[in-house]
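Protein chains in written order, with the working numbering: chain A, 155 to 269; chain B, 143 to 253. Here is the structure we will look at.
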Amino acid sequence: SQKIEQNSEALNIQEGKTATLTCNYTNYSPAYLQWYRQDPGRGPVFLLLIRENEKEKRKERLKVTFDTTLKQSLFHITASQPADSATYLCALPGWGSSNTGKLIFGQGTTLQVKP
Amino acid sequence: SQTIHQWPATLVQPVGSPLSLECTVEGTSNPNLYWYRQAAGRGLQLLFYSVGIGQISSEVPQNLSASRPQDRQFILSSKKLLLSDSGFYLCAWALANNEQFFGPGTRLTVL
Chain A
155 SQKIEQNSEA LNIQEGKTAT LTCNYTNYSP AYLQWYRQDP GRGPVFLLLI
205 RENEKEKRKE RLKVTFDTTL KQSLFHITAS QPADSATYLC ALPGWGSSNT
255 GKLIFGQGTT LQVKP
Chain B
143 SQTIHQWPAT LVQPVGSPLS LECTVEGTSN PNLYWYRQAA GRGLQLLFYS
193 VGIGQISSEV PQNLSASRPQ DRQFILSSKK LLLSDSGFYL CAWALANNEQ
243 FFGPGTRLTV L
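Right, dumping it as structure tokens:
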């Protein structure tokens with residue numbers, strides 16, 4: 155079955171540095187991958203979607219890469235700020251998703267940016 | 143613009159009692175709708191999804207059921223709650239294979 159792995163250990167970095175989060179998947183060749191941000195007690199908020207034919211995508215200080223050979227996506231936040239502290243989730247389309255859009259989420263990685 | 147509502151925001155229920163959580167979407171038509179549960183410190187688990195009125199797909203066999211009586215209304219129910227039903231319930235909508243938009247969630251505690 156599909157398996158998505160994100161580093162369960164929290165990532166602590168200093169303000170201004172680049173944060174890099176990893177999402178690995180197995181038994182699967184997804185057509186796209188999505189990243190979400192979740193703050194405590196809130197629903198996830200969509201950040202970026204990258205398709206299998208795209209190597210890299212950027213949005214402001216965010217950058218996502220998608221390596222279908224390694225079965226891995228990297229999520230970068232440059233010039234990180236304390237306000238970037240949150241849990242970041244990667245998500246892949248579920249088996250048989252067709253046009254249902256159903257997603258399978260990773261466990262998420264918590265990022266803590268210290269001033 | 144589109145908005146998604148969930149209620150109630152918090153709920154404390156005794157074991158064995160029924161449950162009804164409601165989700166409504168405004169500003170879009172024929173969305174795909176989803177129910178997720180997030181246990182404390184855990185990831186999102188997809189419970190049900192729907193691609194149209196009356197069409198419900200279950201992802202995980204359990205003590206819950208879902209219904210979609212109207213295009214933009216999605217209801218999560220249970221006849222008898224279990225302790226293990228406690229968690230953070232999230233409703234989301236999407237158009238086909240695009241990003242999902244989540245509601246504010248319902249925090250359910252079963253005692």
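Ideal Cβ positions, reconstructed from N, Cα and C, are used throughout, including at glycine.
Under 8 Å from the C-beta of residue i: neighbouring residues of chain B
i      : result
A/P247 : N239
A/L203 : N240, E241
A/F220 : In chain order: nothing, as chain B lies at least about 16 Å away.
A/F200 : E241, Q242, F243
A/G262 : G185
Reference residue i; option with closest CA among the options
i      : options                        : result
A/R191 : A/G248, A/L203, A/A185         : A/L203
B/L175 : B/G194, B/H147, B/L225         : B/G194
A/T176 : A/F229, A/N207, A/K268         : A/F229
A/I258 : B/T145, B/T170, B/Y191, B/S143 : B/Y191
B/G229 : B/P173, B/P246, B/L250, B/G245 : B/L250
A/R215 : A/Q156, A/K171, A/S227         : A/K171
A/T222 : A/L187, A/N253, A/L243         : A/L187
A/K157 : A/R205, A/G195, A/G248, A/S239 : A/G248
B/S159 : B/L225, B/A236, B/E241         : B/L225
B/V252 : B/A181, B/N172, B/P173, B/I146 : B/A181
A/P194 : A/P269, A/S239, A/K268         : A/S239
B/D213 : B/V157, B/N172, B/A234         : B/N172
B/L189 : B/P211, B/D227, B/Q215         : B/D227
A/Q168 : A/W189, A/E159, A/P236         : A/P236
B/R210 : B/F243, B/Q204, B/G183, B/W235 : B/W235
Per-residue contacts from residue i into chain A (C-beta, under 7 Å)
i      : result
B/A236 : G255
B/Y231 : Per Cβ cutoff of 7 Å: no residues; B/Y231 is ~10 Å from chain A at best.
Residue i vs residue j beta-carbon contact at 7 Å
i      : j      : result
B/L153 : B/L223 : no
B/I217 : B/E164 : yes
B/Q148 : B/T248 : yes
A/Y179 : A/K217 : no
A/T264 : A/T241 : yes
B/T170 : B/Q144 : yes
B/L206 : B/S220 : yes
B/A208 : B/W177 : yes
A/G140 : A/L243 : Residue 140 of chain A is absent from the model: chain A starts at 155 and stops at 269.
B/A238 : A/N253 : yes
A/A173 : A/S227 : no
Proximal chain B residues relative to residue i, where beta-carbon distance stays under 7 Å
i      : result
A/P184 : Result: empty, since nearest Cβ-Cβ is about 11 Å, beyond 7 Å.
A/F259 : G185, L186
A/G197 : L232, F244, G245, P246, G247
A/Q188 : E241
Neighbour flag for residue i against chain E, beta carbons, 7 Å
i      : result
B/F190 : The question asks about chain E, but that chain is absent: this structure's protein chains are A and B.
Proximal chain A residues relative to residue i, where beta-carbon distance stays under 8 Å
i      : result
B/N172 : Within chain A, no residue comes near B/N172; the closest Cβ sits about 11 Å away, beyond 8 Å.
B/V193 : N253, T254
Chain-ordered neighbours of residue i on chain A, where CB pairs are closer than 9 Å
i      : result
B/V252 : The premise fails here: B/V252 is roughly 18 Å from chain A at the closest Cβ pair, so nothing lies under 9 Å.
Any non-hydrogen atom of the ligand ADP within 6 Å of residue i CB
i      : result
B/Q144 : Ligands are entirely absent from the displayed structure, and the ligand ADP is therefore not among its contents.
ask   = Just checking, does the segment 208-216 of chain A make contact with the segment 191-200 of chain A on the three C-beta pairs under 8 Å criterion?
value = no
query = Looking at C-beta atoms only, is the number of pairs between the segment 162-171 of chain A and the segment 184-204 of chain B that lie closer than 8 Å three or more?
reply = no
ask   = What runs of the beta strand (DSSP E), each 3 residues or longer, lie entirely inside the segment 193-222 of chain B?
value = 197-200, 207-212, 215-220
Whole beta strand (DSSP E) elements within the segment 182-247 of chain A, 3-residue minimum = 186-192, 199-205, 210-213, 216-221, 226-231, 240-247
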